[in-house]
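First up is the structure itself, then whatever we jot down about it.
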Amino acid sequence: MSLNAERVQAVDPGFDELVAAVRAVRPRLVDAWEATAVIESLGYTDARVQQEFGFSDTRAAGEYLYPMCRGPVGPSERWAPTAEPAVAIFTRAAASTLIYAVPWLSVFVAQILRPEAMQAPMRVAPALALALMFSLIVSGGFVQAIVRRGEFYIGMRQPGMARLVVEALLRFGIATTVVFGLGGLFVGWYFELFAWPALILGADAFVLMSVLWMVCGIFAIRQQHWRVAIALFAGFITFAGLRSAGGDVIMSQLTAAVTVLAAGLLQVRYVFGGAGSAATLPRHIKLPRLSVLVYWTVPYFWYGVLYFAFLFADRLAAGTAAAAVPNAPFSIPAAYNLGMELALLTLLVAASGVEVGGALFGRGFRAEALRPFVRDGATFAAALQRHHRRAMALTLGTFVVIAVAIAALAQRALPEIRMPEAWSTLIAGDLGYACLALGLLNALVLLEMRRVWAVVHELTTALLINLAGGYVLSHAFGSFHAVDGLLLGAGYFVVSSTITVQQTLKRSDYAYALG
Amino acid sequence: MTMLAAALTSAWVLFCLVFFAIGVPMAALGPFADRRSRLLNVGPTLACSWLTIAISVPLAASVHGFNWVTALVIAGICPVGLWLARHRGTCSIAFRHTVRSLIFRALTLRAVRLPQFTVREWIVPLAGLSALLAWPFVTGRSDVRLPVPADFDTLWRTRQILSGAATVLDPLASLAAVVTRIAAANPLHVAGAIRLALVVLTGLAAGMLVAEVCGRLWTIPAVAGAIPVGVFVPWAPAATWAFTFAMLVGVTSLYIWIRDCRPRDGWYALAAFVLAASLLLPFIGNLDMLVRVSSTAQYLEHSAAAEQALQLDRSPADSDWLLVAPPEQQLEVGKGRFYDLARFVSRFRGRTGDPNFRFDLGVERIYVFIEERPVDPGFAAVGVRFVAAQPAAYQVPRERFRLGQLAREICDDYARSHARTAIRYDDGELRVYQIDR
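What follows is the structure, given as structure tokens:
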């Protein structure tokens, strides 16, 4: 270091800021090279350190700065992961899953108590059912992308950027949905699947519901599930009011969906307000480069799409198998529908177990970082595997308890479920969804360790097995065998994802670095 | 149906056939530096994709799972297989590279480079096919009927596959079924378009064999010479053209394989010969049908009957009607909307004069086709399985005429005692009654 440098840094308050910045990033530097790297990562080039502080290059600046930052760190300065209390985890997980499970249950109960109040006309019902499924599939990808990117920027305390990125993804999602809606309209017309009124209604419902799911997904970024509850409640009130006033089922459903969407959109601006209000967010923030944004969001997008596609693949297979009947391109047998709706309800409620299991694993994963495992990777791996096994047991236990409870309640309240076809569908569906729940827990573990593409690969194969198996079996032996495809696909998913998790945890040091 | 609509439908069917059975597999195979002409790839790729279709369609039909989605999946099997074979050992790398380049091209708004298309090389077959499509405009008349009775067997089997009624092993019917689903066209149109394409492709395959044996200079004359064949050749069953095409492709590939010792050509030859053998399967015990060639077209139905049936078939999906007609029209409108004329006569004869009588066929509208002059295909229909499977009354022209007259009496009696009955079409050969409930 030159004398000039000493003089410059002595009078330049910017150098103190640099030291503070380096300390904030890395309180305990390993060596001068690390100091150099941190300085460069903060945007200082050779030219800049020469110009501002008089050092010959960043290496010289690093060597000068290292002794100032290598001092011993006190106990209070030692990094410790923020351990969320178990009660908070349970509450959050329960809220995030029940917020959708309760409305689903309400609609399910209403269908049983007042079927005429909920039943759409037969000419449009299949188109609307398909619109609902495909809206969840298409928007599922965007919801994942929105939530993951939103959480990332909120975690970095950049709500302005989060808002910008989420709004861009939402706009892109809406445009994609409209394109898919038009594409669906063309396919339906070209292959003469439905009459024009049903096609138009289906496309409308698809776009409307897709946007609705994406808007609801935005509230998950800051765990503000109560906002979803408000929007859904407004929708329920609208639907009940219109129906009791003698409104048509379709009109009431669509108006209720519009109400939910409007109630959601009104609240979106408050999600990114942070401590201040939405109006105080900086306006000069620029969107990250599109290619970078796409690179980070694509795997999560596919994960969301595949997850919902897997959830409905068996119904698509069953619906087309029953459609061997002329003039009915898509129809699911009532007993199959009942069994699978109960199984899906079980999954929706039991998803809180998956969420809790995943959150507890994440907490344990971070807590293990505090323990010294120097040159003892096997112990570290064993500790992580123990956390994984506990999470699996918790997920499975929760699912079994909820499945038994729902099946017992259904047997008492629903005489139709006692039909052999419905009962066997429920049992097979529960088994399939239990495997899926375990697979989803593994997926959460792999996402924690940033192995998103591994999840996408396994879910893709599982979906193909589900679709192909369900399609062939349902067409060869009857619609009710579509659930066997779900069982096969979910079985594959849980086995392959467990193997991947075990293999990842064997190299837990590497996994930890990635995570 | 107007001449233009028929030509457009045929053009669309041909486009679907060429795109899915030839274009996409050729794109999956990629460019061949060692091939003297890209036209040389047309035959082998069609043979490969056709063989895949011939295997997959009966499998899908056996589980009642053949529909437009599976038709698209089946059409995609061959390109995917060829692509995997092309990138064997490096599939995941090639896939990742392809997907990434596509995504980043889309994001950076760079135009995707289309496959190279040499106009000089493709002008002859494209012009030839266009000329064949335009031929009806030159002659001033178009005919949507099948000109060879044996083709009704193929159409019959195509209908069986489409309805999922039976598992049928007929590569030609399987191809027609896949194209029918993808093109969303009537199987009669598809059968006619495939017939046209096969004639041209057989000529092309013959031209390529001549060019390979005699030298490149012969390519264009050989290909160009094949085009008029489509118009002026004697009438042979479509299956005969298909078999000849497969054999020519097999022989050409075998010749190149022996000459150049490239394994790929050996596989092409094998695929083509297997396809040729499988094309003979539906004709086992009836091989003379394949060599039954005629100098004139021999029809099983009146031209107006086919046109009127196709017109009805294009009506909206949710309209409620039934066609009462001789069995040939069953293949043109599908089984769900067809009622056999002989059954109609035996069920309603002598009852329709009563004013309280109503046709209890469960539909809002009935169309009745009456042949005022019976069609006599003569010896050409002998041995055709579809014809043999029909009631004897349809096989004897006099009986067929009598059946038509009885049906006419039924309709006239009904018209005298009921309103809402009209003659929809009458040209002296065919009369179509429209009866509304």
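The listed protein sequences derive, respectively, from chains A and B. Taking our numbering, the leading residue of the first sequence gets 1, the next gets one more, and so forth. Taking our numbering, the leading residue of the second sequence gets 1, the next gets one more, and so forth. Beta carbons are placed, not taken as given, at the ideal position from N, Cα and C, and that holds for glycine.
{"Query": "Tell me the rounded alpha-carbon separation between B:GLY76 and B:TRP50.", "Result": "11 Å"}
{"Query": "Using a Cβ-Cβ cut-off of less than 7 Å, list which residues of the segment 163 to 184 of chain A approach chain B; keep chain order.", "Result": "none"}
{"Query": "Note the first and the last residue of the continuous alpha helix (DSSP H) segment covering B:TRP321.", "Result": "No alpha helix (DSSP H) contains B:TRP321, which is instead part of the beta strand (DSSP E) from 321 to 325."}
{"Query": "Is the beta carbon of B:ASP151 closer than 8 Å to that of B:ALA191?", "Result": "yes"}
{"Query": "Candidates B:ARG398, B:ARG431 and B:LEU323: which alpha carbon is nearest B:GLU371's?", "Result": "B:ARG431"}
{"Query": "What did DSSP end up calling A:GLN119 once you bin it into helix, strand or coil?", "Result": "coil"}
{"Query": "With a cut-off of 8 Å, does the C-beta of A:TYR300 fall near any C-beta of chain B?", "Result": "no"}
{"Query": "Considering just the uninterrupted stretch of the alpha helix (DSSP H) at A:TYR336, what are its terminal residues?", "Result": "334 to 367"}
{"Query": "For B:SER163 versus B:VAL57, is the C-beta spacing smaller than 8 Å?", "Result": "no"}
{"Query": "Does chain A have any CB closer than 8 Å to the CB of B:GLY81?", "Result": "no"}
{"Query": "Near A:GLY276, which residues of its chain fall below 8 Å by C-beta distance, leaving aside the five closest residues on each side in sequence?", "Result": "Confidence at A:GLY276 is low in this model, with a pLDDT of 46, below 50, so the placement of that residue should be treated as unreliable; the coordinate-derived value is given next. Contacts found: none."}
{"Query": "Run down chain A in chain order and give the residues with a C-beta less than 7 Å from the C-beta of B:GLY65.", "Result": "TYR471, VAL472 and HIS475"}
{"Query": "B:GLN308 and B:ARG365 - do their beta-carbons sit closer together than 8 Å?", "Result": "no"}
{"Query": "Is there a Cβ of chain A sitting closer than 8 Å to that of B:TRP68, yes or no?", "Result": "yes"}
{"Query": "Out of A:GLY54, A:GLY14, A:ILE237 and A:ALA317, which one is the CA nearest neighbour of A:PHE480?", "Result": "A:ALA317"}
{"Query": "So is A:CYS216 buried or exposed if we call it buried at 16+ other beta carbons inside 10 Å?", "Result": "buried"}
{"Query": "Can you name the start and end residues of the alpha helix (DSSP H) that A:GLU448 belongs to?", "Result": "420 to 448"}
{"Query": "Suppose contacts are defined by Cβ-Cβ distances below 8 Å. Is A:LEU459 in contact with A:LEU306 by that definition?", "Result": "yes"}
{"Query": "Measure the C-alpha to C-alpha separation of A:ALA279 and A:ALA175 and round it to an integer number of angstroms.", "Result": "Here the model assigns A:ALA279 a pLDDT of 41, short of 50, so the residue's position is not dependable, and the following value carries that caveat. Rounded to whole angstroms, A:ALA279 to A:ALA175 spans 26 Å at the Cα level."}
{"Query": "Between the segment 37 to 46 of chain B and the segment 237 to 256 of chain B, do at least 3 Cβ pairs fall closer than 8 Å?", "Result": "yes"}
{"Query": "So, does the CB of B:PHE20 fall closer than 8 Å to a CB anywhere in chain A?", "Result": "no"}
{"Query": "For A:ASP484, count neighbouring C-beta atoms within 10 Å of its own C-beta (all shown protein chains included) and say buried if the count is 16 or more, exposed if not.", "Result": "buried"}
{"Query": "If you measure from the beta carbon of B:PHE379 to each beta carbon in chain D, is any gap under 8 Å?", "Result": "The displayed structure is made up of protein chains A and B, and chain D is not among them."}
{"Query": "Would you say B:ALA184 lies against chain A (beta-carbon separation less than 8 Å)?", "Result": "yes"}
{"Query": "Starting from the beta carbon of A:THR320, find every residue of chain B whose beta carbon is closer than 9 Å, and list them in chain order.", "Result": "GLY65, ASN67 and VAL69"}
{"Query": "Can you look up B:TYR425 in the DSSP assignment and give me helix, strand or coil?", "Result": "strand"}
{"Query": "Can you give me, in chain order, the residues of the segment 184 to 199 of chain A that have a beta carbon less than 7 Å from any beta carbon in chain B?", "Result": "TYR190, PHE191, GLU192 and ALA195"}
{"Query": "Please list the terminal residues of the continuous beta strand (DSSP E) segment that includes B:TYR367.", "Result": "365 to 371"}
{"Query": "So, helix, strand or coil for B:ILE435, using DSSP?", "Result": "strand"}
{"Query": "Using the Cα positions of A:GLY241 and A:VAL354, report the straight-line distance between them to the nearest angstrom.", "Result": "36 Å"}
{"Query": "Which residues, in chain order, does the segment 447 to 459 of chain A contribute to contact with chain B at a C-beta distance below 9 Å?", "Result": "none"}
{"Query": "Does the segment 99 to 107 of chain A touch the segment 175 to 186 of chain A, meaning 3 or more C-beta pairs lie closer than 8 Å?", "Result": "no"}
{"Query": "In whole angstroms, what is the alpha-carbon distance linking A:ALA324 and B:HIS64?", "Result": "Annotation note: pLDDT 47 at A:ALA324 (below 50); position unreliable, coordinate value reported separately. Rounded to whole angstroms, A:ALA324 to B:HIS64 spans 7 Å at the Cα level."}
{"Query": "Quick one: what does DSSP say B:PHE66 is sitting in, helix, strand or coil?", "Result": "coil"}
{"Query": "Can you tell me whether DSSP reads B:TYR339 as helix, strand or coil?", "Result": "strand"}
{"Query": "When you compare the CB positions of B:PRO171 and B:SER62, do they come within less than 8 Å of one another, or not?", "Result": "no"}
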